[in-house]
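Sequence lines, in order, name chains C and U. Here the first sequence stands for residues 1 to 143, numbered as in this note's numbering. Here the second sequence stands for residues 10001 to 11248, numbered as in this note's numbering.
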Amino acid sequence: MIACVAVVGHQNNPLYLQSFTGADDALKLHHIVHCSLDVIDERVNNPKRSVITLNESYLGLLYPTESYKVYGYLSNTKVKFLVVTTDLDVKDTDIRSFFRRFHAAYVDAVSNPFHVPGKKIISRIFAVRVSGIVKAFAPGTYG
Amino acid sequence: MANYLAQFQAIKNTSDRLVVAVEDVSDLWPSVKEGLEKRLPLKKASLNNKTRNPVYVENLQAEFILTTDSRLRSRFPQEQYLFWFREPYATIVLVSCEDLDEFKTILKPRLKLIVQNEEREWFIVFVSKAHPNNDQATKNAKKVYARLEVDFNTRKRERCCKLDLNGVDASFWEDFDFKIVESIRNTLDRRAQFYEEEIRKMSEQRLMPVWNFCNFFILKESLAFMFEMAHLHEDSLREYDELELCYIETVSTPGKQRDFGGLEHGDDQAALLKPGFKPLSQIVQDDSFREFEFRQYLFARQVKLLFRLGRPLEVVMRGYSFIISFSKTLALHENTLPFCLREVWVISACLAIISSTSSTYDGLAAPDNEKEFYRLHGDLYSLCRIKFMRLAYLIGYGVEIEKSPVNSASLSMLPWPKPSIWPAVPEDASAKVLAKEKLILQANPRMKHFNIQRKQLPLEPSSLLREANRRRASLSVGNLSELIDYRQIDGSGIDGHQKFSPSTTNSMSRTYSGPNLESSLSLDRPMRISEVHVAAEHALENTVTDPDLLKSLSSLEEFEQKYMELTKGAADNYHHSWWKRHGVALDGEIAALCFKHGNYDLAAKSYEKVCALYAGEGWQDLLAEVLPNLAECQKILNDQAGYLSSCVRLLSLEDGLFLAKERQAFQLEVVRLAHSEMKHPVPLDVSSLITFSGNPGPPLQLCDGDPGTLPVTVWSGFPDDITLESLSLTLTNTLNTDEGVKTIKSSDAHILKPGRNVIKLDVPPQKPGSYVLGVLTGQIGNLRFRSHNFSKGGPQDNDDFMSYEKPTRPVLKVLKPRTLVDISAAVSSALLMNELQWLGLIVKPIDYSLKGSLLSIDTGPGLMIDESHTIDINEYAKTMEDKVHAHDSNTITENNTHPLEPKQLYIENGKIALPDWASDTSTTLWFPVHAIDDRMARAASADSPHRQNMVDGMRTIALKLEFGAFRNQIFERTIAVHFTDPFYVTTRVANKCNDGTLLLQATIHSQVKATLCLYDAWLDLQAGFVHVRKENGRPVSSFFPLVISPSSTAGILFSICIDNMAIADQNEVVQAESILNVMYGISGDRSNGAHSPTSLKLGSSDKLFFKVAIALQRPILDPCIAVGFVPFSSNCLRVGQLINMKWRVERLKDLEASPSSSCKDEVLYEVDANPEIWMIAGRTMGHALLSNARGSRTEITVTCMPLVSGHVRPPQLGLPAMDDANISCNPPGPHLVCVLPPTLSSSYCIPA
């Protein structure tokens, strides 16, 4: 299950964070997403280290812990997309496809002329769309 | 083969180095032992690794063992085959012989026997005991050795070397080392090949039922062990890696149900670094090994090799991933394992890896590796910390764990342990249950500071109470309702205890104090939370064997100490790694514990770090969680500056993060502190809270030197109105940074409403340039605050980390000094002298308002303003228009007869206040002036027309215009106005009639741009002249009025004659000059120049009167003396050439005829020359001899030199003693001579 999706700006500032746990515990997800930036920073700053070449937007699994996983995706403009999932067995292709949809939704949202670049995304349509993508996400549904 | 496991283990433990066998044929070992063993370990050995590539091994350990030694002798052949790795890798045959025959007969066959074993790698060391002085012995030994070489060396390989006991050759040892290494290498290759072949064969059977992992393991580990002995650790490690893969594959094959292990005492402590923790024979499970022990064994072996290879980083990397993966494996078998073994095992494993590697890491590795190393350590600490917290939570310390995002993230998503049956409450545990109950009840629910109401974050994935009861085997479904009741009381887990009402507590304590407590704990009744804790604690005591861990869980203090240790460990290591955020977040946890223990100083420091991180990256949700804690620390520490700043930061967080009530509380704190007596008033940065910007639209433009009012928009982020005692802003000149910043102040108290406020600030005159807003400063109570934050004019910007990038827009432009106004005279030509005239001044504002301006007028000498008259003012542009129209219609109209917006102004003390309507338009001011000139106009001779000097008619007016908002701008100008007489008169005698009548022509030249109209003119003659026929001196009356157009002339003829009578009355005082009186009128436009005097009605025919003096001379009828200019001797004069000027003076009459002259026979002369043209040498004045007789003559010569070239007037000779009338001159009038430029003089030329 996807616990949370987040968009983080190029200055590591949160642009959007939506929790799907149902409980009133978004703060811990804030923490998880924030800490995951460490991993992204490390990968971006040490291309030698990272397993995945940076030619690709998809950063892969950032954070294997016992209880949840964090996947990352980095756009050309250094906007980071993160997904926290409690599902421990997720196929890479599913996540990749999820991120592509998520990215597309983000691009549409920031193309809104009333959106101030670098500010939080407050578009309701974006939220609905992201919720839709998250709901549609189930392992194996995407090729 | 599996039966050999125990033996295999024993062999491995005893043999740790390669064995080199020594076949001591000639009993030489005692004498050579020392020398040989000195060579060990082998300094440098070239071996082949598994892929047959050469590897250089340093300090290869080996051991010499005599073949007669029991260790080599007592082995069964099968054992030898199995454990081949321990067999000798080389055989040294030590021989000595000095007799060739003896060698041939005895030694050689024996040696042949020894070396016939093909599988052995051998070489012969021939030891020569011969003393070097003993030639014979040496010779013999050489012979024998030569024979030995022939017999045993082959073409491919030399197997002999010679050791001289007396005097060892250095080359021998090299040879010896080489031979040993060669033998070892060959043996190693052969054995590795053998093992590989065996392993390959066995691998092929892997999927068959006959497959036995133990056999495979023995072979594989033998190979690995052999590599390890040969210091080929890399190959050895690879063997273990393959072994591990193969094992995991074997274990994961479905079908076979195997024992997992982990049930024995002490299994809770990870054996990751202890390969010999349990003998392998104990963990055999059918054809394989128990997973729990065996995987740890394999890992321990790998770690050992990694340490040998000097790779602590890899140890940590493999360690961490092993722990994670093994923890998952443990989770699969959790229902068979003791309660919480998994957690306990992870804790011990992490600590073991940390302690083993932290000491070995030397820090010499690359910085990248170092960071990775620390990161992994941080991960290990962090993992350990999470598991430790989980254990602590289970036994009831959860109430004391900070419910922070960090802890919540790690614990609330971590599932509970899943034992098959949740541990039950032990017997006789009532006291413990009570104690736990007490602990829970006494737990001080941490109130958030500022009364912030926030739902606490969960630390448990699901309610522990429900989980524990669900997993109790005996709990029937019927008890579910009871369970639900408990849940209601319990709320969301442990936090629910805060909601226990006193009555509940009482009833519960009553229940527990009863003597029949045990019976009340019937199996059917669900456990209370305190019972769950007691049960868990009891179960853990059975699981945990590590006394340290037990101690850490024994009491709250011990728990907190361990918790602190782990958190600090994780944080410190993360700080050294790339993962700063992890470290800082954990700093927050350290701070929370410090705060709890009253260590506010440390807590504040840590909290500051956390806040800085969150604020720096804009994670306001997280910041809102930590910042109140920091504020509380600062409040307790009495750090007013910090506390204020924290309050301001709290206020500047996003709106949704705090309730309005909470925000008001923050503001109250700020205001309270601001108005309190602070020891050291602190500056406060409110950039995030109060922002400001210039008004939208173009910047305010001011002229140089003008003050102004600058409106500034100030956004207040305070939730309520806030009173500012003062407010000031700095302006920075963008063009000239040298000037520094200017501060503009608004001293009034302002009340800032939440949101947008517009404040007007007075700007004193500034230097030219473009100004941007700098810093907003102000005072709230005693508090000086400043804000650097610009807002774009939109709503307040909260992302303060972004806002510094915004481009600053100039709010004020002070223009460069320029002319703001221009005043010029409206007349283009001269005005009438001695008459009242309108003087026009055009006041022309140049894009600048002249509102309230004051014009001071100061007239120069010879000019005065008639203050009795009003001053006209009218619009200049209109005037011009009117004029154009007037010209179109060919009608001359006076402009000021149709003034559109005229105003009559009065001059007071030389100052005129300009009316408001004239502030933006060009206006013409007309004021009456009177130029005075006392001199009487004189007529000039027509021959030498003498124009009136322009300077004589010039009058000046000094003007000073004070204007601008505060009359701060000053414009000063002095205007010259030209005044003139209406005309000038030239006279000449037009004709001399025979009867003595002279026709005097007076030519009147108009000097004004106005039409003059002469009404009358008459001539008052001087003595000696009379009008013909004694008339009144007027021309014909029908002649008038005579109209003279501007700049034209008119002439009047007068007939006069010389009055001979007059000479007789010389003594009378008579009129010396004739006077021409003219009665005239003038009609002109005042904007053009001369016009009717102001005092007269415009357009009226009142006449003006003008007098001109005319000098008349009696004609020279009989001159006494003639003066003649003698022509020059040379044709032309040149500059710089001396010439003699000569005049001839001749007496025309006898002196008696002239009674006025004296009796002297000499004449006074004077040479008059322009000194700029002529240089006179000698006297210019003197007496010349001239006899009184008629016809006498004389010549006066003056030497002079012309100074300029051209046609110039020569010097003139005058006779001052003579009346002009008595002198006749030749030439009669002024004449000119030509002076040429000087001849060129080559001496002045400068050669090129």
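The C-beta atom is built at its ideal place from N, Cα and C for all residues, glycine as well.
DSSP links cysteine 11225 of chain U through a beta bridge to U/Val11123. By the CB criterion at 8 Å, arginine 10375 of chain U and serine 10577 of chain U fall inside the cutoff. Within the region 10228 to 10298 of chain U, the complete alpha helix (DSSP H) segments at least 4 residues long are 10233 to 10252, listed from N- to C-terminus. Judged by pairs of C-beta atoms under 8 Å, the region 10565 to 10584 of chain U touches the region 29 to 44 of chain C, as three or more such pairs exist. Annotation: leucine 11138 of chain U to methionine 11175 of chain U spans about 9 Å, alpha carbon to alpha carbon. For asparagine 10757 of chain U, the uninterrupted beta strand (DSSP E) run begins and ends at 10755 to 10763, by DSSP. Per the DSSP secondary-structure output, lysine 10992 of chain U pairs in a beta bridge with U/Leu10998. Shown here is that no member of the region 10028 to 10044 of chain U has a Cβ falling below 9 Å from a Cβ of chain C. Interface flag for serine 10412 of chain U against chain C is set, since a Cβ pair is found closer than 8 Å. Sixteen is the threshold: when 16 or more other Cβ atoms of the shown chains lie within 10 Å of the Cβ of valine 10814 of chain U, as they do, the residue is buried. With a contact defined as Cβ atoms closer than 8 Å, leucine 10959 of chain U and isoleucine 11075 of chain U miss out at about 38 Å. Exclusion of the five residues before and after serine 10922 of chain U leaves Ile10842, Val10843, Lys10844, Pro10845, Glu10875, Tyr10876, Ala10877 as the residues of its chain whose Cβ lies within less than 8 Å of its Cβ. Within chain U, no C-beta atom comes less than 9 Å from the C-beta of isoleucine 122 of chain C; the nearest is roughly 11 Å away.
DSSP places glutamine 11022 of chain U outside both helix and strand once states are collapsed to three, so it counts as coil. Excluding residues up to 5 positions away in sequence, Arg10159, Cys10160 lie with their Cβ nearer than 7 Å to the Cβ of asparagine 10153 of chain U in the same chain.
When secondary structure is reduced to three states using DSSP, isoleucine 11110 of chain U falls in the strand class.
Beta-bridge partners assigned by DSSP to methionine 11141 of chain U: U/Val11198. Here glycine 10378 of chain U really is in contact with asparagine 10573 of chain U; their C-beta atoms are around 4 Å apart, less than 8 Å. Taking C-beta separations shorter than 7 Å and ignoring five residues to either side along the sequence, the partners of serine 10646 of chain U in its chain run Leu10627, Leu10630, Ala10631, Gln10634, following chain order. In chain order, Arg10581, Trp10619, Leu10622 make up the part of chain U whose C-beta sits under 7 Å from the C-beta of histidine 34 of chain C. At a beta-carbon threshold of 7 Å, none of the residues of chain C lie near lysine 10278 of chain U; the nearest stands roughly 26 Å away. In the DSSP assignment, serine 10096 of chain U falls outside any alpha helix (DSSP H), carrying neither H nor E. Those residues of the region 10555 to 10581 of chain U placed with their C-beta closer than 9 Å to a C-beta in chain C are Tyr10574, Ser10577, Trp10578, Trp10579, Lys10580, Arg10581, ordered along the chain. Near chain U, meaning a CB-to-CB distance below 8 Å, the residues of the region 21 to 32 of chain C are Ala23, Asp24, Asp25, Ala26, Leu27, Lys28, Leu29, His30, His31, Ile32. For asparagine 10733 of chain U, the enclosing beta strand (DSSP E) begins and ends at 10726 to 10733. Inter-residue distance for histidine 10333 of chain U and valine 70 of chain C is about 26 Å (C-alpha atoms, whole angstroms). Here DSSP, grouped into helix, strand and coil, assigns leucine 10111 of chain U to helix. For a Cβ distance threshold of 7 Å, residue set Glu66 of chain C lies close to serine 10327 of chain U, ordered along the chain. A straight-line Cα-Cα distance of about 20 Å links aspartate 10866 of chain U and aspartate 11085 of chain U. Where cysteine 10160 of chain U is concerned, the enclosing beta strand (DSSP E) starts and stops at 10160 to 10164.
The beta carbons of alanine 10937 of chain U and valine 11108 of chain U sit closer together than 8 Å. Counting only residues of its own chain and dropping the five nearest sequence neighbours on each side, isoleucine 10354 of chain U has a CB closer than 7 Å to the CB of His10377, Leu10380, Tyr10381. Following the DSSP letters along the chain, one finds threonine 10360 of chain U in no beta strand (DSSP E), marked with neither H nor E.
At a cut-off of 8 Å between C-beta atoms, glutamate 56 of chain C does not count as an interface residue with respect to chain U.
Taking a beta-carbon distance threshold of 8 Å, threonine 85 of chain C does not count as an interface residue toward chain U. Under DSSP, methionine 10954 of chain U forms a beta bridge with U/His10978.
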